[in-house]
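Below: one structure, written as structure tokens.
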Amino acid sequence: MSEFERRGAADALAGSREMVERQLRYGFKSELEWRIGKFALAGPYRKGVSAEEALAVAADPSRKIDIKVHKRLWMGTDFDVRPQISGLTSKLLAISGELDWLVPPSNKDELLSLKLDARYFVVPSVAHNAHYAARQIVLNEIEDFLSS
1 MSEFERRGAA DALAGSREMV ERQLRYGFKS ELEWRIGKFA LAGPYRKGVS AEEALAVAAD
61 PSRKIDIKVH KRLWMGTDFD VRPQISGLTS KLLAISGELD WLVPPSNKDE LLSLKLDARY
121 FVVPSVAHNA HYAARQIVLN EIEDFLSS
């Protein structure tokens, strides 16, 4: 916790935003960064939140991200690709991380019901950034899919 505690009150929330932006590119460096990033997405990320409150939320591993709010922030209120999937004429490979909370592997059945010839691959032991965390596994699956 000392890394976060050293930040001043003014820097705490900016630090959260910077960590989330960096994670989108490179991945979190520690569990603490993940928790702080989770705080940034969870709702109390607003002006007037003290560094102490931010730290308390970030340090609570039971705190959950509201997935509907997260999706609305990133994709808008009308983002839904399901109507287009059944009309695809090309092959479809969907890849998801086993621990993905944003697009969980439980979506597999719905995808396969929309496009019967789709292929769904779950990368073990990784979250939403499977292409980054397990690059070679993902590349091998894509190569196998394209050659089938």
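First residue of the sequence shown? That's 1 in the numbering used here, and the numbers climb one at a time after it. Built from N, CA and C at the ideal position, the CB exists for glycine as well. The model shown is predicted, which means the values in this text are computed figures rather than measured ones.
{"query": "If you follow the beta strand (DSSP E) that V138 is in, where does it begin and where does it stop?", "result": "Counting along the chain, V138 falls outside any beta strand (DSSP E), though it belongs to the alpha helix (DSSP H) covering 135-147."}
{"query": "Using DSSP with H/G/I as helix, E/B as strand and the rest coil, what is S96?", "result": "strand"}
{"query": "Could you say if the region 79-86 and the region 95-109 meet the contact criterion of at least three C-beta pairs nearer than 8 Å?", "result": "no"}
{"query": "I95: which of S148, P124, L88 sits nearest, CA to CA?", "result": "P124"}
{"query": "Is it buried or exposed, N107, if we count other Cβ atoms within 10 angstroms and call 16 or more buried?", "result": "exposed"}
{"query": "L88 and K115: beta carbons closer than 9 Å?", "result": "yes"}
{"query": "In angstroms with no decimal places, state the Cα-to-Cα distance between P44 and V122.", "result": "In this prediction, P44 has a pLDDT of 49, which is less than 50 and means its spatial position is unreliable; what the coordinates show is noted afterwards. In a straight line, the C-alpha of P44 is about 32 Å away from that of V122."}
{"query": "Taking A130 and L92 to be in contact with their CB atoms under 8 Å, please state how far apart those CB atoms are, rounded to whole angstroms.", "result": "Rounded, the Cβ-Cβ distance is 17 Å, inconsistent with contact."}
{"query": "According to DSSP, V168 sits in a beta bridge with which residue or residues?", "result": "The structure shown does not extend to residue 168, since the chain spans only 1 to 148, so no value can be given for it."}
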